[in-house]
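My numbering puts the first residue of the sequence shown at 303, with every later residue one more than the last.
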Amino acid sequence: MDRTRRFPSRRRLLQGAAAAVPAALLPAGHAGAQALAVDYPAAEWVPASTSNYTAANRPSTYPIDYVVIHVTQETYADTLAIFQNPARRVSAHYVVRSQDGHIAQCVRDRNVGWHAGNWTYNTRSIGIEHEGWVDKPQYFTHAMYEQSAALTAAICSKYGIPKDREHIIGHHQVPGSDHTDPGPYWDWTRYIRLVNFA
Ligand SMILES: [Zn+2]
Numbered sequence: 303m304d305r306t307r308r309f310p311s312r313r314r315l316l317q318g319a320a321a322a323v324p325a326a327l328l329p330a331g332h333a334g335a336q337a338l339a340v341d342y343p344a345a346e347w348v349p350a351s352t353s354n355y356t357a358a359n360r361p362s363t364y365p366i367d368y369v370v371i372h373v374t375q376e377t378y379a380d381t382l383a384i385f386q387n388p389a390r391r392v393s394a395h396y397v398v399r400s401q402d403g404h405i406a407q408c409v410r411d412r413n414v415g416w417h418a419g420n421w422t423y424n425t426r427s428i429g430i431e432h433e434g435w436v437d438k439p440q441y442f443t444h445a446m447y448e449q450s451a452a453l454t455a456a457i458c459s460k461y462g463i464p465k466d467r468e469h470i471i472g473h474h475q476v477p478g479s480d481h482t483d484p485g486p487y488w489d490w491t492r493y494i495r496l497v498n499f500a
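In structure tokens:
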């Protein structure tokens, strides 16, 4: 189903190593802590530096009303590295890889990511980055649209966000934003249709 599963992540390798250790020797709650590391079960947990987001307890502290769609203007690997670099002061909740739609979660949904360039929108949104460049439509693969739409559908269902263009918005629609992503080649009609039929 997911081609990326052929390649075990470092986390899975670590889990595999842990499985060889008798359960009694593991710290209490070890397995539970692993299971709760992501909000979206299909995502791989690749945490951003704690210097790159604001800890919160959403949706209690702030309602989650929007999903903000971004394009990275970087490779998938470089994007994850930027989010892990405390000097960069930037993060998004999720990053979707172009070639296969693989999803990394970098910030928990309850926390405020720094992706929209607008504090109010940051507090009220989930940010999803897509690997690619706004002027290179070949990066917007079917796998990426499908996996991202399934993620957005799950977020909307969980937080009661309407699955429409008023609430699933591009970074360029954020007031005060000087960014153009996801750009003219992002197929909104297709994306919203996929979100509604995911
Ligand atoms: Zn953006």
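All residues carry an ideal CB built from backbone N, CA and C; glycine is no exception.
Since we're looking at a predicted model, the values are computed, not measured.
Taken from the Cβ of residue 432, every heavy atom of ligand 1 lies 6 Å or farther away.
Listed in chain order, the non-local C-beta contacts of residue 394 below 6 Å within the same chain comprise 415, 417, 429, 431, local neighbours out to five positions each way being set aside.
Pairing residue 484 with residue 435, the inter-Cα distance amounts to about 8 Å. Assignment of residue 386 by DSSP, reduced to helix, strand and coil, places it in the helix class. Shortest gap from the CB of residue 483 to any heavy atom of ligand 1: under 6 Å. The Cβ atoms of residue 370 and residue 471 lie closer than 7 Å to each other. Proximity to residue 473 across 379, 404, 419 peaks at 419, based on C-alpha coordinates. Leaving aside the five residues that flank residue 374 on each side, the residues in its chain whose CB is nearer than 6 Å to its CB run, in chain order, 381, 431, 433.
Residue 431: member of the beta strand (DSSP E) spanning 427 to 432, first to last residue.
About 25 Å separates the CB atoms of residue 399 and residue 360; that is not less than 8 Å, and the two are not in contact. Residue 426 is positioned such that its CB atom lies closer than 7 Å to that of residue 364. Not one heavy atom of ligand 1 sits closer than 6 Å to the Cβ of residue 474.
As DSSP reads the structure, residue 396 sits in a beta bridge with 407, 430. In the three-state scheme derived from DSSP, where H, G and I count as helix and E and B as strand, residue 473 is classed as helix. Residue 369 is bridged by DSSP to 428, 470. The C-beta separation of residue 383 from residue 452 comes to about 26 Å, leaving the pair out of contact by the 8 Å criterion. With contacts defined by Cβ atoms closer than 7 Å, residue 407 and residue 396 form a contacting pair. Under DSSP, residue 347 forms a beta bridge with 407. Taking the Cα of residue 440 as reference, the smallest distance to any Cα among 488, 476, 404, 464 is reached at 488.
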